[in-house]
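Beneath this line is the structure, given in structure tokens, with notes to follow.
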Amino acid sequence: EVVEFLRPEHKIADLIGFENLKQFIIEEIIPGLRLMTKHAISSIIVCGPNRSGKTYTFEAVAGELGIPILVLKNLRSQWFGQTDVIFGRLKRVLEVLRKVLIYVNEADTQFGSISGDAHETEKRLTGRLQAMMSDTKLKGRVHWILDTARPHRLSVDIRQAGRGGDVIVAVFDPEGEQRKVFIRWALEHVLDVPLDDVAMGRVDVATQEYSVGAFTTLRSKLNRKATGTDGKLTVEAVLAIVEDTLLPDVALDRLYQTIQGALNCTSKRLLAPSYRDISRADLARKAADLEAIGIK
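Shown next as structure tokens:
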């Protein structure tokens with residue numbers, strides 16, 4: 002009930018788009034995770050807006066390495082002292098494993114807080130997890146991936162180098178030619194003819210706020226619509242479906258998460274093109290403007 006073991010079967014080659022991120026993973030992350038020495042990457046924070054493909058992408062990293070993922074599900078207990086017992090069991094498991102990747106989804110909520118107003122048990126658990134992340138006995142054998150759309154809510158200690166701050170990767174919504182890769186992936190398998198430039202332009206406009214998750218949902222919707230029509234739809238029928246589809250009203254929340262990803266990313270080459278020339282001071286001001294209207 003506390004941990005779950007997964008062994009992903011998909012690999013980096015199975016990922017759609019994100020060529021720059023895939024190259025970074027192949028050149029920097031995978032070699033750093035393969036090491037069994039003190040120079041290995043201990044932990045990675047993966048941030049960016051919800052439904053940008055963070056989890057699927059970094060499951061592919063484990064698939065590429067051929068190592069299991071240990072997913073932390075619930076380390077806290079309602080019973081006094083039981084949280085410490087659970088943590089002790091987890092630590093013993095990690096000490097006997099040769100190589101494992103620990104995946105923490107929604108890490109900003111899972112790790113809790115070490116601030117003065119946090120519960121003592123929560124502070125103690127978070128402190129122990131932080132210490133485990135920099136434990137030299139586990140270096141090169143236990144690697145952490147902290148997945149969050151809100152990296153600014155992680156404690157400063159976790160974001161330091163030697164812990165989560167070793168590598169902070171931001172995963173953004175696709176832009177430019179990468180968007181067209183996702184458009185073709187979502188549409189062309191059900192089209193009776195390929196997309197021409199005019200149709201591509203219409204879809205591009207209609208999907209401006211689409212995340213990777215939204216493209217995945219659209220692909221499934223088109224698959225359902227194509228059932229009973231020999232698996233094919235006309236371009237006009239597909240365009241009508243795309244233009245009729247409205248996304249949930251979460252654009253400002255996702256914008257704030259994107260800005261926080263850009264503020265915390267540790268590699269300029271991973272920034273989305275539209276964010277590369279914006280200073281961190283300007284990004285911080287944009288985040289503050291959104292916070293002023295209640296977006297956090």
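Each residue of the sequence shown is one higher than the last, beginning at 2 in the working numbering. Idealized CB from N, CA, C, for every residue including glycine.
Next item on the list: Apply the 10 Å Cβ neighbour rule to residue 34 and answer buried if 16 or more other Cβ atoms are within range, or exposed otherwise.
Entry: As a first step, residue 34 is located in the sequence shown; it is residue number 33 there, counting from the start. The residue in question, residue 34, is buried, as its Cβ has 16 or more Cβ neighbours within 10 Å.
Check: Which full runs of the alpha helix (DSSP H) of 4+ residues lie inside the segment 103-177, going along the chain?
Finding: With a minimum length of 4 residues, the continuous alpha helix (DSSP H) runs that stay inside the segment 103-177 are 108-111, 121-134 and 157-160.
Next item on the list: Provide the residue span of the beta strand (DSSP E) that contains residue 71, from first to last.
Entry: Position 70 of the sequence shown, counted from the start, is the residue given in the question as residue 71. From DSSP, the beta strand (DSSP E) with residue 71 extends over 70-73.
Next item on the list: Taking residue 25 as part of the beta strand (DSSP E), name the residues at either end of that continuous run.
Entry: Within the sequence shown, the letter at position 24 stands for residue 25. Membership of residue 25 in any beta strand (DSSP E) is not indicated; the residue belongs instead to the alpha helix (DSSP H) covering 20-25.
Item checked: Contact under 8 Å by Cβ, residue 191 with residue 227 -> Position 190 of the sequence shown, counted from the start, is the residue given in the question as residue 191. Position 226 of the sequence shown, counted from the start, is the residue given in the question as residue 227. In this structure, residue 227 lies closer than 8 Å to residue 191 by Cβ.
Note to self: Residues in the same chain with beta-carbon distance under 8 Å from residue 19, minus the five sequence neighbours each way, listed in chain order, please.
What the structure shows: The count along the sequence shown starts at 1 and reaches residue 19 at position 18. Excluding sequence neighbours, residue 19 sits near 54, 58, 172, 175 and 179.
Next item on the list: For residue 244, write down the residues that DSSP places opposite it in a beta bridge.
Entry: Against the sequence shown, residue 244 aligns to sequence position 243. The partner list for residue 244 (beta bridge, DSSP) is empty, contrary to what the question assumes.
Checklist line | Contact belief for residue 89 with residue 258 at Cβ below 8 Å, rounded distance in angstroms | finding: In the sequence shown, counting from the first residue as 1, residue 89 sits at position 88. In the sequence shown, counting from the first residue as 1, residue 258 sits at position 257. That pair is no contact at about 35 Å.
Next item on the list: Give the secondary structure of residue 275 by DSSP, where H, G and I count as helix, E and B as strand, and everything else as coil.
Entry: To locate residue 275, count along the sequence shown from 1; it is residue 274. Of the three classes helix, strand and coil, the one that applies to residue 275 here is helix, per DSSP.
Margin query: Quick test of your reading: residue 255 and residue 51, contact by CB under 8 Å. State the CB separation rounded to the nearest angstrom.
Written below: Here the question's residue 255 lines up with position 254 in the sequence shown. Here the question's residue 51 lines up with position 50 in the sequence shown. Approximately 7 Å separates the beta-carbon atoms of residue 255 and residue 51; this is inside 8 Å, confirming the contact.
Note to self: Using the Cβ count rule (16 or more neighbours within 10 Å means buried), how would you classify residue 111?
What the structure shows: Walking along the sequence shown from the start, residue 111 turns up at place 110. Taking all protein chains in view, the Cβ of residue 111 is crowded by 16 or more other Cβ atoms within 10 Å, so the residue is classified as buried.
Check: What residue range is occupied by the uninterrupted alpha helix (DSSP H) comprising residue 31?
Finding: For this step, residue 31 is matched to residue 30 along the sequence shown. Note, residue 31: alpha helix (DSSP H), 31-35.
Check: To which residues of the same chain is residue 42 closer than 8 Å at the C-beta, ignoring the five residues directly before and after it?
Finding: Numbered from its first residue, the sequence shown carries residue 42 at position 41. Correct list, in chain order: 30, 33, 34, 36, 144, 167 and 168.
Next item on the list: Counting only the same chain and skipping the five closest in sequence on each side, list residues whose C-beta sits under 7 Å from that of residue 64.
Entry: Residue mapping note: residue 64 aligns to position 63 of the sequence shown, counting from 1. Same-chain partners within the cutoff: 9, 10, 11 and 12.
Item checked: Buried/exposed call for residue 24, threshold 16 Cβ in 10 Å -> Locating residue 24 in the sequence shown gives position 23, counting from the first residue. Label assigned to residue 24: exposed.
Next item on the list: Name the residue from 98, 128, 295 and 46 whose alpha carbon lies nearest to the alpha carbon of residue 104.
Entry: Here the question's residue 104 lines up with position 103 in the sequence shown. The shortest Cα separation from residue 104 among 98, 128, 295 and 46 belongs to 46.
Check: Leaving out the 5 sequence neighbours to the left and right, which residues in its chain are closer than 8 Å to residue 182 when beta-carbon positions are compared?
Finding: As a working note, residue 182 is residue 181 in the sequence shown. Cβ within range, chain order: 17, 18 and 175.
Check: How would you call residue 130, buried or exposed, if buried means at least 16 neighbouring beta carbons within 10 angstroms?
Finding: Locating residue 130 in the sequence shown gives position 129, where the first residue counts as 1. Label assigned to residue 130: buried.
Note to self: To the nearest angstrom, how far is the alpha carbon of residue 99 from that of residue 139?
What the structure shows: Along the sequence shown, read from residue 1 onward, the residue named residue 99 stands at position 98. Along the sequence shown, read from residue 1 onward, the residue named residue 139 stands at position 138. About 9 Å.
Notebook entry, point to check: When DSSP builds the beta bridges, which residues end up paired with residue 44?
Noted result: By one-based count along the sequence shown, residue 44 stands at place 43. DSSP, once it has assigned bridges, lists 145 as partnering residue 44.
Note to self: Please list the terminal residues of the continuous alpha helix (DSSP H) segment that includes residue 291.
What the structure shows: If you number the sequence shown from 1, residue 291 lands on position 290. In this chain, the alpha helix (DSSP H) harbouring residue 291 covers 281-293.
Next item on the list: With residue 5 as the anchor, note down where its beta strand (DSSP E) starts and where it stops.
Entry: The residue given as residue 5 occupies position 4 in the sequence shown. Its beta strand (DSSP E) spans residues 4-7.
Next item on the list: Report back the beta-carbon spacing between residue 372 and residue 234 to the nearest angstrom; my notes put them in contact at under 8 Å.
Entry: A query on residue 372 cannot be resolved here, the shown segment of the chain reaching from 2 to 297 and no further.
Check: Can you round the beta-carbon distance between residue 263 and residue 219 to whole angstroms, since I take them to be within the 8 Å contact cut?
Finding: To locate residue 263, count along the sequence shown from 1; it is residue 262. To locate residue 219, count along the sequence shown from 1; it is residue 218. The Cβ separation is near 26 Å, so there is no contact.
Check: Start and end of the alpha helix (DSSP H) containing residue 221?
Finding: Taking the sequence shown and counting its residues from 1, one reaches residue 221 at position 220. In the DSSP assignment, residue 221 falls within the unbroken alpha helix (DSSP H) covering 213-227.
Note to self: What would DSSP say about residue 101, mapped onto helix, strand or coil?
What the structure shows: Indexing the sequence shown from 1 puts residue 101 at position 100. Strand at residue 101.
Margin query: Along the chain, where does the alpha helix (DSSP H) containing residue 198 start, and where does it finish?
Written below: Walking along the sequence shown from the start, residue 198 turns up at place 197. That run of the alpha helix (DSSP H) goes 198-207.
Next item on the list: Verify whether the separation of the beta carbon atoms of residue 4 and residue 71 is less than 8 Å.
Entry: Taking the sequence shown and counting its residues from 1, one reaches residue 4 at position 3. Taking the sequence shown and counting its residues from 1, one reaches residue 71 at position 70. When the beta-carbon positions are compared, residue 4 and residue 71 come within less than 8 Å of each other.
Item checked: Assigned secondary structure, residue 192 (DSSP; H/G/I helix, E/B strand, else coil) -> As a first step, residue 192 is located in the sequence shown; it is residue number 191 there, counting from the start. DSSP, read as helix, strand or coil, puts residue 192 in strand.
Notebook entry, point to check: What is the rounded straight-line gap between the Cα of residue 282 and the Cα of residue 152?
Noted result: On the sequence shown, position 281 is the one that residue 282 refers to. On the sequence shown, position 151 is the one that residue 152 refers to. Per the coordinates, the alpha-carbon of residue 282 lies some 17 Å from the alpha-carbon of residue 152.
Notebook entry, point to check: In the structure shown, what three-state DSSP assignment does residue 234 receive?
Noted result: Within the sequence shown, the letter at position 233 stands for residue 234. Correct three-state label for residue 234: strand.
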